[in-house]
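As structure tokens, the structure follows; a few thoughts come after it.
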């Protein structure tokens, strides 16, 4: 199946990624941020100074203990920072050695066995469920599973290049995902590439067009809209390949093939690093003069962070622009409770893809009208899907944050 996304916007970001291979790169420190695991109330299973192998459980959800987050590398726990309400703020690891936990694959060919394997190995958090874009419950069953094997963000790595040499692992992972659902597995990829062959309950769908043609929200809205009674799951292509490797050899691969790019770098790089890699250490030799912001993620939707997020496949460096000091009255008026207005231009109308009424939805999100936003399709979306709308409206309102507030209201209802 081929789908052309005629909405979307070209993003004027200078530069291009180099050709070549991803360079395996060691980092001095790995950090896992609690904010990456929304909806989890962590029970810490390790302590500072403890030696861990790759795949060692670090923390689990107090309410759903089958959801476990494991170490992406062997090493030593450096520190554990606990924030307000006893929530995990940051857990850091000093990488050392090459030890890895080996999993029992005896029952991996059954639905229950695959779930148990993914949960114990720490791959369950790779899945996210819509609506609400949360890690799914251990016993939940989706109506469909989406594999995101296309990325239209600026400077994103090419999935076809990343999966070079991993074709068998990717195909094995895609085939295994059928055990998680009685519905369809959709492999969403770019045009002109053959990442996997169609098979029973596996549909290959080729998307072309400007961003957001490569986002899960676009794919879900077009192919299998999510509802509260029939949720769908999505997972990125690198985690699918990691699942295939786990099924082949019994150990999980928690590394990432990422790009490090942006106007603040001397040259873009292609790197192979662990999840949670120290982005400050990676980017320091490549910085151009002047103050910089290091983002985990793309320029469009990344966030300033020292460590690579669980769900990001790139890092970006941009110039740090200090805000101008303003008169206190003007600053106070700028923080008024009324949402910032936006002009409903053609760019705004094209920001969410063809299946979303962008302007009415953004208005509903702006005023926190959860029921109206749900009627207009917000249940198909995650924060990343709104980044282009924030860009198209000038950045005065963070529509991703507005969406999260509305989704939280709907989830609690």
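Numbering (full-length UniProt numbering), first residue to last: 1 to 413. Glycine is no exception: its CB is placed at the ideal position from the N, C-alpha and C atoms.
query, result
"N- and C-terminal bounds of the alpha helix (DSSP H) containing residue 31", "Taken as a continuous stretch (DSSP letters only), residue 31 belongs to no alpha helix (DSSP H), being part of the beta strand (DSSP E) at 30-33."
"Helix, strand or coil at residue 299 according to DSSP, with G and I counted as helix", "coil"
"Rounded distance between the beta-carbons of residue 352 and residue 212, thought under 8 Å", "7 Å"
"Nearest residue (CA-CA) to residue 123, options 231, 311 and 226", "311"
"Sequence-distant residues of the same chain with beta carbon closer than 7 Å to residue 402, five excluded per side", "365 and 366"
"Spatial distance of residue 41 from residue 192 (CA atoms)", "43 Å"
"Classification of residue 383 by the beta-carbon crowding that lies within 10 angstroms, buried from 16 upward", "buried"
"Closest residue to residue 126 among 72, 307 and 289 (Cα-Cα distance)", "72"
"Complete runs of the beta strand (DSSP E) confined to the UniProt domain \"NqrA second alpha/beta\" (113-251) [at least 3 residues]", "128-130, 144-149, 184-190, 202-209 and 232-236"
"Sheet register partners of residue 96 (DSSP bridge)", "DSSP lists no partner for residue 96."
"contact_flag[the segment 220-227, the segment 155-163] where n(CB pairs < 8 Å) is 3 or more", "no"
"Residue nearest to residue 170 in terms of C-alpha spacing, selected from 279, 52, 398 and 237", "237"
"Buried or exposed by the 16-neighbour rule on C-beta atoms within 10 Å, applied to residue 75", "buried"
"Proximal residues to residue 271 (C-beta, below 7 Å), its chain only, five neighbours per side dropped", "22, 23, 25, 258, 260 and 282"
"Bridge-paired residues (DSSP) for residue 70", "57"
"Reference residue 387, options 378, 377, 380 and 398, closest by Cα", "398"
"Option in 58, 355 and 69 with minimal Cα separation from residue 221", "355"
"For residue 111, the three-state DSSP class (helix, strand or coil)", "helix"
"Strand pairing of residue 292, partner residues [DSSP]", "319"
"Residue range of the beta strand (DSSP E) that includes residue 392", "Here residue 392 belongs to no beta strand (DSSP E); instead the alpha helix (DSSP H) covers 387-392."
"Segment contact flag, the segment 80-89 with the segment 32-49, C-beta cutoff 8 Å, min 3 pairs", "yes"
"Terminal residues of the beta strand (DSSP E) in which residue 257 lies", "255-261"
"Residues sharing a beta bridge with residue 76, DSSP", "51 and 94"
"Extent of the continuous alpha helix (DSSP H) run through residue 365", "358-366"
"Same chain, Cβ closer than 6 Å to residue 53, five either side skipped, listed in chain order", "74, 99, 100 and 101"
"Identified DSSP bridge partners for residue 265", "287"
"Member of 80, 117 and 27 whose CA lies at the smallest distance from the CA of residue 97", "27"
"Proximity to residue 150 [Cα-Cα], best of 373, 141 and 163", "163"
"Sequence-distant residues of the same chain with beta carbon closer than 7 Å to residue 18, five excluded per side", "268 and 270"
"Opening and closing residue of the beta strand (DSSP E) in which residue 411 lies", "Segment 399-412 is the alpha helix (DSSP H) holding residue 411; no beta strand (DSSP E) there."
"DSSP beta-bridge partners of residue 314", "259"
"C-beta atoms of residue 147 and residue 240 nearer than 7 Å", "yes"
"Neighbourhood of residue 372 by C-beta distance below 7 Å, restricted to the same chain and skipping five residues each side", "364"
"Between the CA atoms of residue 10 and residue 210 - distance to the nearest angstrom", "6 Å"
"Presumed contact (8 Å Cβ cut-off) between residue 315 and residue 295, rounded CB distance", "6 Å"
"Boundaries of the alpha helix (DSSP H) in which residue 348 is found, first to last residue", "346-349"
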